[in-house]
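Novice:
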Amino acid sequence: MSASIAVITDSSSCLPEQLAARWGIGVAQIQLHVGDHLDDEHRFDRAELIESMRAGTPVSTTPPDPGAFFWAYQDAAARGASAIVSVHISGRMSATLEAAREAAQQVRIPVHILDSGTLGMSLGFAAVSAARAAAAGAQVDRVIAAAERRFRTSTELVYVDTLEYLRRGGRIGAAQSMLGTALSIKPLLTVTGGEVSPAARARGVKRALGKLVDLAVKTAGTQQVDVAVTRFGGPDEREFEIGGALRQRVAGLGEAMLVEASTVIGAHVGPGAIGITVSPVA
Numbered sequence: 001m002s003a004s005i006a007v008i009t010d011s012s013s014c015l016p017e018q019l020a021a022r023w024g025i026g027v028a029q030i031q032l033h034v035g036d037h038l039d040d041e042h043r044f045d046r047a048e049l050i051e052s053m054r055a056g057t058p059v060s061t062t063p064p065d066p067g068a069f070f071w072a073y074q075d076a077a078a079r080g081a082s083a084i085v086s087v088h089i090s091g092r093m094s095a096t097l098e099a100a101r102e103a104a105q106q107v108r109i110p111v112h113i114l115d116s117g118t119l120g121m122s123l124g125f126a127a128v129s130a131a132r133a134a135a136a137g138a139q140v141d142r143v144i145a146a147a148e149r150r151f152r153t154s155t156e157l158v159y160v161d162t163l164e165y166l167r168r169g170g171r172i173g174a175a176q177s178m179l180g181t182a183l184s185i186k187p188l189l190t191v192t193g194g195e196v197s198p199a200a201r202a203r204g205v206k207r208a209l210g211k212l213v214d215l216a217v218k219t220a221g222t223q224q225v226d227v228a229v230t231r232f233g234g235p236d237e238r239e240f241e242i243g244g245a246l247r248q249r250v251a252g253l254g255e256a257m258l259v260e261a262s263t264v265i266g267a268h269v270g271p272g273a274i275g276i277t278v279s280p281v282a
């Protein structure tokens, strides 16, 4: 990454550590509150969190402390950055942007805060695009444009076993209309206008996952796209089967990734959730 422009995101981006490190992307940790325990999300054991959720332990999320952003920004400045592009989870889903803006006021170099209007690898791919532009020597306006092009054209498609966890966390958005359906009807969700919204529904897990792949293939069309399949606590074979189907059916497939959902996203979508990000390559 260029020494002159730093790129920061948050842990809802689901960026694998190696990918973030490769492009020098700073990742501020959103916090989890599990029972009486509050800490950065990456400090929680995934299997223990899933067990706690299934046992009914209260789980909620909290934005990064402004101090976390402040030190991330200060570190970037100390390494010679002349500006920072900080791209984050939808402001309609989290107060993370507010924490970033508060910290930015205390830093001596310009910090450009971007509301991605989304989350997951739609946000992750946007951060990577920004970092690539910075590494190529782009000026800050071009780095911002690279991130914006990516998150504005990317699509999140998500299968959940139940809407209950989204309801508990207050992140259900327009998908509220799908509550109360028969247990055998599985919801498929997307992100529209910065909020969770319905995409489709299907009877049974197998049909729902098949429909999820169909929607991803339709979304990709003939474009060149990067795709990420994200899971939270579901069977491994689901992830690999979906990834294999996408490799066969998406004509313009670029990079294909299998990633773990951040525990913050998992806390809202619940165990067994599977997501597909379709991100056109600019």
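So the sequence shown is numbered by this note's numbering: it starts at 1 and just counts up by one. By construction, the Cβ of each residue, glycine as well, lies at the ideal position given by its N, Cα and C atoms.
#1: Within a Cβ cutoff of 7 Å, which residues of the same chain sit near T162, ignoring the five residues on either side of it in sequence?
#2: Closer than 6 Å by C-beta to A131: which residues in its own chain qualify, once you throw out the five before and the five after it? Chain order, please.
#3: Can you check DSSP and say which residues form a bridge with Y159?
#4: To the nearest angstrom, report how far apart R108 and A95 are at their CA atoms.
#5: Suppose contacts are defined by Cβ-Cβ distances below 8 Å. Is L189 in contact with I274 by that definition?
#6: From the DSSP output, in three-state form, read off S116 for me.
#7: Per the DSSP calculation, T153 is bridged to which residue(s)?
#8: In whole angstroms, what is the alpha-carbon distance linking S90 and L97?
#9: Return the CA-CA distance between A174 and G194, expressed in angstroms with no decimal places.
#10: Would you report the Cα separation of C14 and T263, rounded to the nearest angstrom?
#11: Roughly how far, in whole angstroms, is the beta-carbon of P63 from the beta-carbon of A83, given that I think they are within contact range, below 8 Å?
#12: With a CB to CB cut of under 7 Å and the five nearest residues on each side skipped, what residues in its chain are close to A245?
#13: Need the endpoints of the alpha helix (DSSP H) that E241 sits in, please.
#14: Just verifying my parser: in three-state terms, what is the DSSP assignment at R92?
#15: Taking DSSP as the reference, what is the three-state secondary structure of S129?
#16: Measuring CB to CB, does A147 end up less than 8 Å from S122?
#17: For L258 and H37, I'd like the C-alpha separation in whole angstroms.
#18: Ignoring anything shorter than 4 residues, give me the alpha helix (DSSP H) runs that lie fully in the stretch 45-85, in order along the chain.
#19: For A103, which residues from the same chain have a beta carbon less than 7 Å from its beta carbon, with the 5 sequence-adjacent residues on both sides left out?
#20: Take V250 and list the residues in its own chain whose beta-carbon comes closer than 7 Å to its own, dropping the five residues that flank it on each side.
Specialist: Walking through what the data contain:
#1: Position 162 of the sequence shown, counted from the first residue, corresponds to residue 162. Correct list, in chain order: G270.
#2: Working through the sequence shown from its first residue, we reach residue 131 at position 131. Only M1, V7, W23, I25 meet the Cβ criterion.
#3: For the purposes of this step, residue 159 is taken as the residue at position 159 of the sequence shown. L188, I274, per the DSSP bridge assignment.
#4: For the purposes of this step, residue 108 is taken as residue 108 along the sequence shown, with counting starting at 1. For the purposes of this step, residue 95 is taken as residue 95 along the sequence shown, with counting starting at 1. If I take the Cα positions, the gap works out to 23 Å.
#5: Residue numbering aside, residue 189 sits at position 189 when the sequence shown is read from its first letter. Residue numbering aside, residue 274 sits at position 274 when the sequence shown is read from its first letter. No, they are not a contact pair.
#6: Looking up residue 116 in the sequence shown gives position 116. Residue state, collapsed to three classes: coil.
#7: In the sequence shown, the residue the question calls residue 153 occupies position 153. Note: T153 sits in no beta bridge, so no partner.
#8: Here residue 90 is taken as the residue at index 90 of the sequence shown, counted from 1. Here residue 97 is taken as the residue at index 97 of the sequence shown, counted from 1. If I take the Cα positions, the gap works out to 8 Å.
#9: To locate residue 174, count along the sequence shown from 1; it is residue 174. To locate residue 194, count along the sequence shown from 1; it is residue 194. A caution first: A174 carries a pLDDT of 48, below 50, which makes its placement in the model unreliable, though a value can still be read off. When rounded, the distance between both Cα atoms is 11 Å.
#10: Along the sequence shown, read from residue 1 onward, the residue named residue 14 stands at position 14. Along the sequence shown, read from residue 1 onward, the residue named residue 263 stands at position 263. About 9 Å.
#11: Here residue 63 corresponds to residue number 63 of the sequence shown, with the count starting at 1. Here residue 83 corresponds to residue number 83 of the sequence shown, with the count starting at 1. That belief does not hold up - the Cβ atoms of P63 and A83 are roughly 23 Å apart, past 8 Å.
#12: Translated into positions along the sequence shown, residue 245 becomes position 245. Excluding residues within five positions, the ones whose Cβ falls inside 7 Å are V213.
#13: Numbered from its first residue, the sequence shown carries residue 241 at position 241. That run of the alpha helix (DSSP H) goes 236-249.
#14: Reading the sequence shown from its first residue, position 92 is the one you call residue 92. R92 falls in the coil class under three-state DSSP.
#15: Within the sequence shown, residue 129 is the residue found at index 129, counting from 1. Correct three-state label for S129: helix.
#16: Reading the sequence shown from its first residue, position 147 is the one you call residue 147. Reading the sequence shown from its first residue, position 122 is the one you call residue 122. Going by C-beta atoms, A147 is not nearer than 8 Å to S122.
#17: Along the sequence shown, one-based indexing puts residue 258 at 258. Along the sequence shown, one-based indexing puts residue 37 at 37. Answer to the nearest angstrom: the Cα atoms are 29 Å apart.
#18: 46-54, 66-78
#19: Here residue 103 refers to the residue found at position 103 of the sequence shown. P66, F69, F70, Y73, listed in sequence order.
#20: By 1-based counting over the sequence shown, the position of residue 250 is 250. Hits under 7 Å: V217, A220, V225, V227.
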